[in-house]
Amino acid sequence: MLKPNFPDEKLLEYFSATDGELIKSALALLPPDDENYHRPTGKQVAHILLGFHVDLTTITAALLSDPRLSNSLSAPEIVQQFGQAVMTLIKDVNWLNNLNVYSIEVTHQPQQSEILRRMLLSMTHDARAVIIKLAYRVQRLHSLQKESYEMRHYIAHETIDIYAPIANRLGVNQLKWELEDMAFRYLKPQTYRDIAKSLASNRQARLNCIDQFISLLGERLQQEQLQAKIYGRPKHIYSIWKKMQRKNLAIDELYDLLAVRVIVDKLSACYEVLGIVHSQWQYIPKEFDDYIANPKENGYQSLHTVILDPDGNRIEVQIRTQDMDEFAELGIAAHWRYKEGGDHNAVTERCIATLRQLLSTKETDEVMLESFKTSLFYDRVYVLTPKGKLIDLVKGSTPLDFAYAIHTDIGHRCRGAKVNGRIVNLSYELRSGEQVEILTTKHGNPNRNWIDPNLGYLKSPHAISKVKSWFKQQQLEQNISLGKAILEKEAHRLGLSAVPLKELSTAFNEPDLNKLLASIGRGDINNRQIASKLSIPELKIQPVKWVSKPLTLNKNSVLVDGIANVLTSIAHCCNPLPGDEIGGYISHHKGITIHRKNCSNFLQHHAEHPKQIVAVEWGEYATQHVVPIIIQASTSDNLLTDVTQLLSHDKIAIQAAQLKTLDDFSCVLQLTLQIKNTNQLSQILSKINDLPQVFDVKRRT
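What follows is the structure, given as structure tokens:
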């Protein structure tokens, strides 16, 4: 554990005499060491950072970001004495130290943890500020036992969820391991002690086993004149526990507690070393992996094998070239990515490589630093909801983009926004760390201006697509409504009582009625096509009911129970003719209504009111009855003339006539005839049907 007091000389030894004067100036501004002060100090953090060979600017900023100096040093004073770069670092570190966004609930929300990590990286103006912050967190963990149980758990959870992954992502593995192990000790103290005890009890035996293996392998490689660097690979407590959980194994069942890494200078040497290892020691075939021939998805390359030494100890051996090792160990390389998962691209890897180079040199390369600042997560912005939830947006996003990211309905109903408590325009460009509150109306729809790229309301492709989809849906509904109106109008023109949608759907080979109606509404299907389909006999079109009244029956037309002179009337629903089988129904206003016996209305009356049904028969009926018929023909040429001649020859009078010509030149002729009886009607319908242009004729029932 680090102690609160550190000799200033150690810091000064690291720098030249000139640079040392700047360090002395920074040290002089710090308050005296106080053993009762339990939070990290700038001096403690600076000593941690010495192990990473950071530059003068980083050490100076670490010293001056001491929380005890927050109210005693002004920005102009720091810039004047130490430079703008130091001031920028201090500002970022102070922001990171005071950030209070994390909550324990984030532990169960991996996406929120990832957004928070990205936000921390994106909002720092200088990459080195993140490293300083990580060092502050290491020191905070060292003194955490002096704080409350609740605070210990909060800091430990935040470290595991946010800061250790950031250290891992930046390739600073030493900080990552230390952060994970110390946080794990507070989260699961008993498990930590059990694993540590198990490792300690076998530590010397493991060291002897690895040393013996390295010695023997080194001798064999020398005999084969192969140059290689061989060393034991340490395993940390938290990573051991994670693997135990992942593989459901006890600690003594883990293969890689004993691990050795072999680094060679060329690819062919990897396989030569592998051959020597397998010839010298027994190996476990199922534990062999060739990630050189078959790299992992993230690009990781190495040979992995597990051997058994003479004492039965299992030792994992990793064999790789220097380039492979650097790729695996530096930046956010394979070792991090296969554990954390997630997508990464060349831009991010280049940024991390830049950071590692910055950390490995005492001289600050401004070009490299600028590259990191402008590239890492350059295209994202991270803002908070009023409840503290982080939202990841495209850079340049507006409050309207934010609203659609929360919920599509919130976006549609958005009418205003507050950023950090003040009203802003909906085209306001959001900045990372801002808190956004959306003002909505109870019922509202998006505005077409929102998808105009020149007005700047929306930046996010997700939000733009939601608005476009809404208008597309509205247009669809309008087209469907218009299609219905067009069909109804055309049906009325053709004398139909209703549009047979199902049959029409079959005729157009479109099972989705809404799509069919929308096509009609858009004009993809024209009136002539509609009329053609509405006119085909297969659709069994039902014409509108005729409103013409039948001729009055004389007193002897119908006999009721053999009695004449009874008030009767012909039912309009079936228009029975002499010759039809008929029945009577005692109505309240029309006396006895005469129906055909197969009439649906009569059958219903018979079932519901059997006592009102009477026996009737034709008597001395009137010589003429009104009968509507409908004729469908392929052409209207001479149709009316031909039909009229037939009717005139049989002395059948026409009471009404209507001829409609369709777009495909077919036609519908509707006639109202005066007929004596069913025999006469049947004969005339047969004659009309024999006309060459007629393809259907029937009585309207």
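Residue numbers (the numbering used here): 12 to 712.
Just so you know, even glycine gets a beta-carbon here, dropped at the ideal spot from N, CA and C.
DSSP beta-bridge partners of residue i
i: C425; result: T451
i: S580; result: T604
i: Q446; result: L395
i: D648; result: Its beta-bridge partners do not exist; DSSP assigns none.
i: Y242; result: R272
i: I330; result: V273 and L314
i: L524; result: According to DSSP, which records beta bridges pairwise, L524 is partnered with nothing at all.
C-beta contact flag for residue i and residue j at 8 angstroms
i: I171; j: R151; result: no
i: E230; j: E283; result: no
i: I641; j: G595; result: no
i: Q704; j: S645; result: yes
i: L524; j: S516; result: yes
i: R139; j: L100; result: yes
i: M255; j: I248; result: no
i: L67; j: L22; result: no
i: R272; j: Q223; result: no
i: I597; j: I605; result: no
i: L40; j: L84; result: yes
i: D336; j: I434; result: no
i: G506; j: K671; result: yes
i: E440; j: G407; result: yes
i: I541; j: L578; result: no
i: S443; j: V405; result: no
i: L692; j: L588; result: yes
Straight-line Cα distance separating residue j from residue i
i: I402; j: H168; result: 21 angstroms
i: N690; j: G590; result: 7 angstroms
i: P639; j: N520; result: 33 angstroms
i: L466; j: I449; result: 19 angstroms
i: I142; j: W188; result: 14 angstroms
i: G494; j: T409; result: 39 angstroms
i: P630; j: I581; result: Note on identity: in this sequence residue 630 is Gly, with Pro being the wrong assignment. Their Cα atoms are separated by approximately 14 angstroms.
i: G532; j: H473; result: 29 angstroms
i: L658; j: S677; result: 22 angstroms
i: K307; j: I326; result: 22 angstroms
i: T655; j: L487; result: 48 angstroms
i: G31; j: L107; result: 27 angstroms
i: V183; j: N460; result: 48 angstroms
i: T69; j: V90; result: 15 angstroms
i: E46; j: H164; result: 23 angstroms
i: V65; j: A207; result: 31 angstroms
i: Q643; j: L702; result: 11 angstroms
i: A344; j: D301; result: Interpretation of A344 is limited by its pLDDT of 31, a score under 50 that renders its predicted location unreliable; the figure taken from the coordinates is listed afterwards. Approximately 18 angstroms, taken between the alpha carbons.
i: L673; j: L469; result: 50 angstroms
i: A786; j: T396; result: With the chain covering 12 to 712 only, the question about residue 786 has no answer from this structure.
i: R424; j: D412; result: 13 angstroms
i: E501; j: N538; result: 7 angstroms
i: G286; j: R391; result: 48 angstroms
i: G243; j: C281; result: 17 angstroms
i: A664; j: F482; result: 58 angstroms
Cβ neighbour criterion (16 or more within 10 Å) applied to residue i
i: S480; result: exposed
i: K14; result: Residue placement at K14 is flagged as unreliable, the pLDDT there being 43, under the threshold of 50; the coordinate-derived value follows with that caveat. Result: exposed.
i: Q55; result: buried
i: G62; result: exposed
i: R49; result: The residue asked about is misnamed: residue 49 is His in this sequence, not Arg. Exposed, because fewer than 16 other Cβ atoms sit within 10 Å of the Cβ of H49.
i: K477; result: buried
i: L319; result: exposed
i: Q694; result: exposed
i: T652; result: exposed
i: D77; result: buried
i: G53; result: buried
i: T29; result: exposed
i: H716; result: Since the first residue shown for the chain is 12 and the last is 712, residue 716 is missing from the structure and cannot be characterised.
i: Q312; result: buried
i: K622; result: exposed
i: H620; result: exposed
i: I295; result: exposed
i: A37; result: buried
i: T452; result: exposed
i: D10; result: As shown, the chain starts at 12 and ends at 712. That puts residue 10 outside it, with no answer to give.
i: S226; result: exposed
Residue i beta carbon near the ligand FMN (any heavy atom closer than 7 angstroms)
i: K254; result: What this structure holds is no ligand at all, so the ligand FMN is not there to describe.
Length-filtered (4 minimum) alpha helix (DSSP H) runs lying within the region 263 to 318: 278 to 291
With a floor of 4 residues, list each alpha helix (DSSP H) that falls wholly inside the region 32 to 69, ordered by position along the chain. 53 to 61
Which parts of the region 153 to 224 are runs of the alpha helix (DSSP H), unbroken and 4 residues or longer, counting only runs that do not cross its ends? 160 to 169, 175 to 180, 184 to 198 and 200 to 212
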